[in-house]
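J.:
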Amino acid sequence: MNPYVLTILLSSLGLGTVLTFASSHWLLAWMGLEINTLAIIPIMAQQHHPRAIEATTKYFLTQATAAAMILFASTTNAWLMGEWEIHQLSHPLATTTVMLALALKLGLAPVHFWLPEVLQGLELTTGLILSTWQKLAPFALMIQVAPTINSSLLVAIGLLSTLVGGWGGLNQTQLRKILAYSSIAHLGWMVLILQFAPSLTLLSLSLYIIMTSSAFLTLKTNNALTINTLATSWTKSPTLAALAALVLLSLGGLPPLSGFMPKWLILQELTKQGLPLSATLAAMTALLSLYFYLRLCYALTLTIYPNTLTAAAPWRLNFTMITLPLSIITILALGLLPLTPAVTAMLAL
Numbered sequence: 001m002n003p004y005v006l007t008i009l010l011s012s013l014g015l016g017t018v019l020t021f022a023s024s025h026w027l028l029a030w031m032g033l034e035i036n037t038l039a040i041i042p043i044m045a046q047q048h049h050p051r052a053i054e055a056t057t058k059y060f061l062t063q064a065t066a067a068a069m070i071l072f073a074s075t076t077n078a079w080l081m082g083e084w085e086i087h088q089l090s091h092p093l094a095t096t097t098v099m100l101a102l103a104l105k106l107g108l109a110p111v112h113f114w115l116p117e118v119l120q121g122l123e124l125t126t127g128l129i130l131s132t133w134q135k136l137a138p139f140a141l142m143i144q145v146a147p148t149i150n151s152s153l154l155v156a157i158g159l160l161s162t163l164v165g166g167w168g169g170l171n172q173t174q175l176r177k178i179l180a181y182s183s184i185a186h187l188g189w190m191v192l193i194l195q196f197a198p199s200l201t202l203l204s205l206s207l208y209i210i211m212t213s214s215a216f217l218t219l220k221t222n223n224a225l226t227i228n229t230l231a232t233s234w235t236k237s238p239t240l241a242a243l244a245a246l247v248l249l250s251l252g253g254l255p256p257l258s259g260f261m262p263k264w265l266i267l268q269e270l271t272k273q274g275l276p277l278s279a280t281l282a283a284m285t286a287l288l289s290l291y292f293y294l295r296l297c298y299a300l301t302l303t304i305y306p307n308t309l310t311a312a313a314p315w316r317l318n319f320t321m322i323t324l325p326l327s328i329i330t331i332l333a334l335g336l337l338p339l340t341p342a343v344t345a346m347l348a349l
């Protein structure tokens with residue numbers, strides 16, 4: 001793609017997200033989401049591969065449907081209640097419709113079916129943008145409207161997403177689909193605590209972005225798309241293979257890694273709010289996710305793939321890629337747990 005065109009598209013991507021962040025009016029927020037969607041579509045379709053075109057079409061249809069639902073809900077609220085402000089969303093029909101529309105935009109269960117299929121058709125860099133940056137604008141709106149949404153609906157969507165995210169990734173061999181189901185599970189944890197402690201949702205989102213970025217950049221460096229090719233990536237960089245296993249365990253939420261912090265604090269807050277059953281179910285569904293992360297770690301560090309691969313094993317050559325961002329993000333994905341007391345003190349302010 002022409003670098004000038006790519007610059008314009010990435011600038012528009014940033015503009016759409018910032019516009020949604022800064023808006024207090026539903027029409028401005030909707031415009032930001034539309035700019036965001038239209039900017040990423042050419043980036044997704046730049047491969048000119050049938051799978052990429054199919055993924056782009058699916059993404060466009062789901063995002064257009066969600067945007068239409070948001071516009072319908074905000075118009076309904078303005079018609080019935082006379083308010084266009086995001087914070088003044090009060091009619092039950094409008095709040096429920098907006099929640100379902102934002103769940104469709106993010107890929108939360110039960111409207112998650114598009115996310116694994118779309119992510120599977122994209123290259124890893126575009127998949128990284130879709131899994132991280134594209135979550136910010138819908139989450140900004142969700143945090144603003146969360147006080148008006150039925151808490152039972154939020155808890156139900158959160159628990160269902162953690163269950164689907166753990167269950168769906170168990171039988172996958174494609175790494176991009178596994179990361180898609182991982183995304184669904186993590187978003188479920190964020191929605192679960194959204195109404196009780198929005199600051200914990202932001203903390204979980206930040207750590208999710210760090211850990212997912214590290215996972216995607218590691219896979220891109222190793223040029224691994226399936227578990228079979230992951231099993232041979234140790235020949236390229238043994239150190240990166242060892243760190244990648246720790247990043248996957250951090251995504252699974254094992255102590256003493258960074259990913260344990262948000263799960264720990266969320267379970268603690270759910271118990272304080274008198275929801276021990278929800279906390280227990282969330283912790284049980286986290287075990288499902290942990291299983292397929294452990295499966296990836298086993299393939300990555302403890303096996304040499306026994307069959308003849310169609311691709312040649314990679315040689316251990318000098319890297320030509322820029323690895324500084326990967327190094328910084330990997331350190332953050334592994335070593336932030338000791339900062340938990342400082343984080344809890346900041347959340348208490």
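Counting from 1, one number per residue, gives the positions in the sequence shown under the UniProt record's numbering.
Beta carbons are placed, not taken as given, at the ideal position from N, Cα and C, and that holds for glycine.
(1) Which residue or residues does DSSP assign as beta-bridge partners of His25?
(2) What's the call for Thr303, buried or exposed, on a 16-neighbour Cβ count within 10 Å?
(3) Using the Cα positions of Ile143 and Leu194, report the straight-line distance between them to the nearest angstrom.
(4) When we look at the beta-carbon of Phe21 and count the other beta-carbons within 10 Å, is it buried (16 or more) or exposed?
(5) Quick one: give me the first and last residue of the alpha helix (DSSP H) that Ala242 is part of.
(6) Give the C-beta separation of Val145 and Ile86 to the nearest angstrom, bearing in mind that I take them to be a contact with Cβ-Cβ under 8 Å.
(7) Starting from the C-beta of Val118, find all residues in its chain whose C-beta is less than 6 Å away, skip the five residues before and the five after it, and write them out in chain order.
(8) Per DSSP, what are the beta-bridge partners of Thr226 in this structure?
(9) Could you give the DSSP three-state label for Val111: helix, strand or coil?
(10) By Cβ distance, which residues of its chain are closer than 6 Å to Ala279, with the 5 residues on each side in sequence left out?
(11) Can you tell me the Cα-Cα spacing of Gln63 and Ala109, whole angstroms?
(12) Compare the Cα-Cα distances from Leu51 to each of Gln88, Gly121, Ala39, Val5 and report the closest residue.
(13) Do Ser214 and Ala333 have their beta-carbon atoms positioned less than 9 Å apart in this structure?
(14) Nearest to Thr132 by alpha carbon, out of Ser182, Ala342, Leu9, Ala78?
(15) I'd like to know if the segment 161 to 179 and the segment 238 to 246 are in contact, where contact means that at least 3 CB-CB pairs between them fall below 8 Å.
(16) Could you check the C-alpha separation between Trp84 and Ile8 for me, to the nearest Å?
(17) Could you check if Leu33 is buried or exposed, using at least 16 other CB atoms within 10 Å of its CB as the buried criterion?
(18) Nearest by alpha-carbon distance to Leu191: which of Leu159, Ala286, Leu179 is it?
(19) What is the DSSP secondary structure of Ile70, reduced to helix, strand or coil?
(20) Taking contact to mean at least 3 C-beta pairs separated by less than 8 Å, is the segment 193 to 211 in contact with the segment 221 to 233?
(21) In this structure, does DSSP put His186 in helix, strand or coil?
(22) Please return the same chain residues whose Cβ sits closer than 6 Å to the Cβ of Val111, not counting the five positions on each side in sequence.
(23) Relative to the C-alpha of Leu347, which candidate in Gly335, Thr301, Pro262 has its C-alpha closest?
(24) Could you give the residue range of the alpha helix (DSSP H) that holds Pro262?
(25) Report the three-state DSSP secondary structure of Gln134 (helix, strand or coil).
(26) Measuring CB to CB, does Phe292 end up less than 9 Å from Leu115?
(27) Buried or exposed for Tyr208, going by 16 or more other Cβ atoms inside 10 Å?
(28) Tell me which same chain residues have a C-beta within less than 6 Å of the C-beta of Leu336, skipping the five on either side of it?
(29) Compute every distance between the C-beta of Leu106 and the non-hydrogen atoms of the ligand NAD, then say whether any falls below 8 Å.
T.: Reading it off the structure:
(1) Glu85
(2) exposed
(3) 7 Å
(4) exposed
(5) 238 to 252
(6) 7 Å
(7) Ala55, Lys58, Tyr59
(8) Gln174
(9) coil
(10) Leu267, Leu270, Thr271
(11) 15 Å
(12) With the sequence shown as reference, residue 51 is identified as Arg, and Leu is not the correct amino acid for it. Checked all of Gln88, Gly121, Ala39, Val5; the closest Cα to Arg51 is Gly121.
(13) yes
(14) Ser182
(15) no
(16) 31 Å
(17) buried
(18) For the record, residue 191 in the displayed sequence is Val; it is not Leu. When each option's Cα is compared against that of Val191, the closest is Leu159.
(19) helix
(20) no
(21) helix
(22) Ala103, Leu104
(23) Pro262
(24) 260 to 272
(25) helix
(26) no
(27) buried
(28) Ser258
(29) As presented, the structure is devoid of all ligands, the ligand NAD included, so that no description of it is given.
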